[in-house]
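Numbering (my numbering), first residue to last: 189 to 609.
For each residue, glycine too, the CB sits at the ideal point set by N, CA and C.
Beneath this line is the structure, given in structure tokens, with notes to follow.
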Amino acid sequence: MLNDKKDLKVALIGGGMFGGDVVLRSIEDFERCGIAPYLGRIGLDERARELAEVSLRLVAIGTRTAQTAEALCAAYSERIPEAAPAPFHGETPWVDIFEKHEVDILYVATPDHLHYAPTLHALEREAHVMVEKPLTLRLDQADELIELAEKKNLVVGVDMHKRYDPCHRFIFEELAGKIGRPLYARAVLEEPLEVATEIFKWAANSNPFSYVGIHWLDLFTHYLGSEPLSVHAVGQKALLANWDSEGGDRKIDTFDAMQVSVDYRDGLRVYYVNSWINPKEFEGAVNQELELTGTLGKIEFDQQDRGLRATLAGIGSRTYNPHFTANIKRPGSAYPAYDGYGKDSITAITRAAIEVELGLSTAAELEGDYPTASSSRSNIIVIEAAADVASRNHLHIESGQGSPVTAKIGESGYEISDPLS
């Protein structure tokens with residue numbers, strides 16, 4: 189049923205590396221200009237005219253500390269003088285936000301293991317949700333959110349921005365179909381050490397594969413339709429687990445790096461390599477590589493080195509990726525537009541939420557238009573299985589017995605095979 193609601197209220201939970209930057213900058217553009225100007229970039233501009241009059245207004249920002257919430261709200265109001273988001277803080281700031289504000293869309297950018305609670309709370313109160321990846325770390329939580337969203341006709345989108353990298357689009361939409369039957373692939377994403385030791389205080393509650401490997405998993409399931417069949421995983425604990433002996437302030441009980449092999453039902457095998465211990469001297473923000481081999485060809489992509497390099501005094505040689513996010517000068521304005529594939533999935537999810545809220549479409553009708561919660565389901569099983577398998581194999585390796593543990597992936601979850609148990 190169509191409605192004439194044109195002013196949607198949104199709130200943000202989380203003010204860290206992504207919440208306080210990429211997500212908040214995207215919301216700022218939506219509040220300043222609406223959603224319509226950003227739809228053509230992602231091929232969703234056919235309803236741009238209908239959505240042009242819709243406005244979004246940020247009513248609240250919730251973070252763990254009062255200082256962060258207040259600083260983000262103040263900075264936002266400075267950039268958009270007519271805006272006045274209210275700061276909330278605490279362990280569950282979303283509860284207070286929904287008590288005091290009407291919220292149509294909640295943006296969730298909390299630590300990996302804390303996505304479930306605010307997302308569930310929002311859905312129970314009829315709000316759409318954009319949540320950072322991964323949706324959850326556990327299948328049972330993911331299924332509860334998916335089921336509730338479907339029951340209430342609400343959008344839950346997951347920020348899978350790697351889908352929108354123009355090079356990935358080209359690889360999977362233009363090239364992958366020309367290399368014959370895919371045989372094997374290698375996908376690498378390695379994060380800097382400061383992510384696990386300084387930026388994220390919660391690293392011990394996750395692992396590098398769950399944190400960034402989920403992006404590569406999404407590419408193969410989304411673009412190739414590959415369904416996971418089995419998982420083998422190993423990981424190393426040498427640096428972070430002994431971080432207090434390396435000059436750090438604590439031990440961080442998580443894997444430094446993980447190598448995960450996934451066999452898919454179509455015969456494809458993908459070897460995922462993830463870490464979060466790259467030294468600060470590494471020339472790129474992250475190290476990323478993708479290799480895909482088929483019966484008729486091979487594709488290689490070095491995302492870290494896209495050909496843009498600068499050597500600066502006092503900094504050294506660095507590579508840059510302005511395709512992820514970039515500031516675009518607005519004539520006559522001190523505040524630039526925010527552009528890049530890092531924003532694209534947020535745009536796609538926001539547009540879907542607007543359409544459903546206005547009654548232009550149902551959530552089910554827009555299933556293929558944005559990274560849905562349901563599209564993450566099989567990958568949630570894989571990251572949950574990989575964490576379990578890697579932990580078991582780690583114990584076996586330490587006792588000199590190798591890494592024989594695997595997991596079989598099914599619709600209802602995973603089944604461990606451990607010949608040494």
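Tell me which same chain residues have a C-beta within less than 7 Å of the C-beta of residue i, skipping the five on either side of it?
{"i": "Gly-208", "result": "Leu-260"}
{"i": "Ala-525", "result": "Asp-217, Ile-516 and Arg-518"}
{"i": "Asp-292", "result": "Leu-196, Lys-197, Val-198, Ala-315, His-316 and Glu-545"}
{"i": "His-661", "result": "Residue 661 is absent from the structure shown; the chain starts at 189 and stops at 609."}
{"i": "Asn-341", "result": "Val-544, Thr-550 and Ala-551"}
{"i": "Trp-404", "result": "Ala-375, Leu-377 and Tyr-460"}
{"i": "Ala-573", "result": "Val-419, Ala-595, Ile-597 and Tyr-602"}
So residue i and residue j are in contact, right, with Cβ under 8 Å, and what is the actual spacing, rounded?
{"i": "Thr-303", "j": "Thr-280", "result": "Just to set this straight, residue 303 is His in the shown sequence, not Thr. Actually they do not touch by this definition, with Cβ atoms about 13 Å apart."}
{"i": "Val-319", "j": "Val-296", "result": "4 Å"}
{"i": "Arg-539", "j": "Leu-227", "result": "6 Å"}
{"i": "Glu-415", "j": "Arg-453", "result": "5 Å"}
Does the beta-carbon distance from residue i to residue j come in below 8 Å?
{"i": "Glu-479", "j": "Glu-488", "result": "yes"}
{"i": "Leu-333", "j": "Ile-542", "result": "no"}
{"i": "Ser-418", "j": "Lys-596", "result": "yes"}
{"i": "Ile-301", "j": "Ser-214", "result": "According to the sequence provided, residue 301 is His. The question's Ile does not apply to it. For His-301 and Ser-214, no; Cβs fall outside 8 Å."}
{"i": "Asn-567", "j": "Thr-409", "result": "yes"}
{"i": "Ile-534", "j": "Val-211", "result": "yes"}
{"i": "Val-346", "j": "Pro-559", "result": "yes"}
{"i": "Ala-391", "j": "Ala-384", "result": "yes"}
{"i": "Ala-373", "j": "Thr-481", "result": "yes"}
{"i": "Thr-298", "j": "His-420", "result": "no"}
{"i": "Ile-402", "j": "Lys-339", "result": "no"}
{"i": "Leu-232", "j": "Leu-200", "result": "no"}
{"i": "Ala-330", "j": "Ser-563", "result": "no"}
Report the rounded CA-to-CA distance for residue i versus residue j, giving the unit in angstroms.
{"i": "Leu-608", "j": "Ala-272", "result": "59 Å"}
{"i": "Ile-571", "j": "Ser-398", "result": "6 Å"}
{"i": "Leu-428", "j": "Pro-592", "result": "25 Å"}
{"i": "Asp-606", "j": "Ser-579", "result": "12 Å"}
{"i": "Ala-522", "j": "Glu-266", "result": "11 Å"}
{"i": "Gly-598", "j": "Asp-406", "result": "17 Å"}
{"i": "Arg-357", "j": "His-349", "result": "11 Å"}
{"i": "Ala-620", "j": "Ser-587", "result": "Given that the chain is displayed from residue 189 to residue 609, the structure contains no residue 620 and the question cannot be resolved."}
{"i": "Ile-249", "j": "Lys-288", "result": "12 Å"}
{"i": "Glu-234", "j": "Ile-223", "result": "13 Å"}
{"i": "Ala-575", "j": "Val-422", "result": "9 Å"}
{"i": "Trp-464", "j": "Gly-556", "result": "32 Å"}
{"i": "Leu-371", "j": "Arg-220", "result": "47 Å"}
{"i": "Leu-554", "j": "Gly-413", "result": "18 Å"}
{"i": "Tyr-411", "j": "Glu-361", "result": "8 Å"}
{"i": "Gly-202", "j": "Gly-601", "result": "29 Å"}
{"i": "Gln-589", "j": "Ile-440", "result": "25 Å"}
{"i": "Ile-585", "j": "Arg-326", "result": "25 Å"}
{"i": "Glu-603", "j": "Ala-263", "result": "49 Å"}
{"i": "Gly-495", "j": "Gly-547", "result": "45 Å"}
{"i": "Arg-229", "j": "Ala-364", "result": "22 Å"}
{"i": "Gly-504", "j": "Glu-469", "result": "9 Å"}
{"i": "Ile-359", "j": "Ala-473", "result": "22 Å"}
{"i": "Phe-512", "j": "Phe-206", "result": "13 Å"}
{"i": "Lys-389", "j": "Thr-307", "result": "21 Å"}
{"i": "Ile-387", "j": "Thr-251", "result": "15 Å"}
Going by beta carbon distance, what residues of the same chain come within less than 6 Å of residue i, once the five residues before and after it are set aside?
{"i": "Leu-336", "result": "Leu-311"}
{"i": "Asp-353", "result": "Tyr-529"}
{"i": "Asp-527", "result": "Ala-514 and Ile-516"}
{"i": "Thr-253", "result": "His-277"}
{"i": "Lys-161", "result": "This structure leaves residue 161 out entirely; the chain is present only between 189 and 609."}
{"i": "Lys-531", "result": "Ser-214"}
{"i": "Gln-424", "result": "Asp-444 and Ala-445"}
{"i": "Asp-493", "result": "Thr-507"}
Buried or exposed for residue i, going by 16 or more other Cβ atoms inside 10 Å?
{"i": "Arg-237", "result": "exposed"}
{"i": "Pro-269", "result": "exposed"}
{"i": "Arg-497", "result": "exposed"}
{"i": "Leu-257", "result": "Before going further, note that residue 257 is Ala rather than Leu in the sequence given. Classification of Ala-257: buried, given that the 10 Å Cβ count is 16 or more."}
{"i": "Thr-483", "result": "exposed"}
{"i": "Asp-451", "result": "buried"}
{"i": "Glu-378", "result": "buried"}
{"i": "Gly-455", "result": "exposed"}
{"i": "Gly-204", "result": "buried"}
Going along the chain, which residues of its own chain have a beta-carbon closer than 8 Å to the beta-carbon of residue i, five neighbours each way excluded?
{"i": "Arg-438", "result": "Trp-431 and Asp-432"}
{"i": "Pro-467", "result": "Pro-380 and Leu-381"}
{"i": "Gln-491", "result": "Asp-353, Cys-355, Gln-476, Glu-477, Leu-478 and Asn-509"}
{"i": "Lys-366", "result": "Leu-484 and Gly-485"}
{"i": "Gly-436", "result": "Thr-385"}
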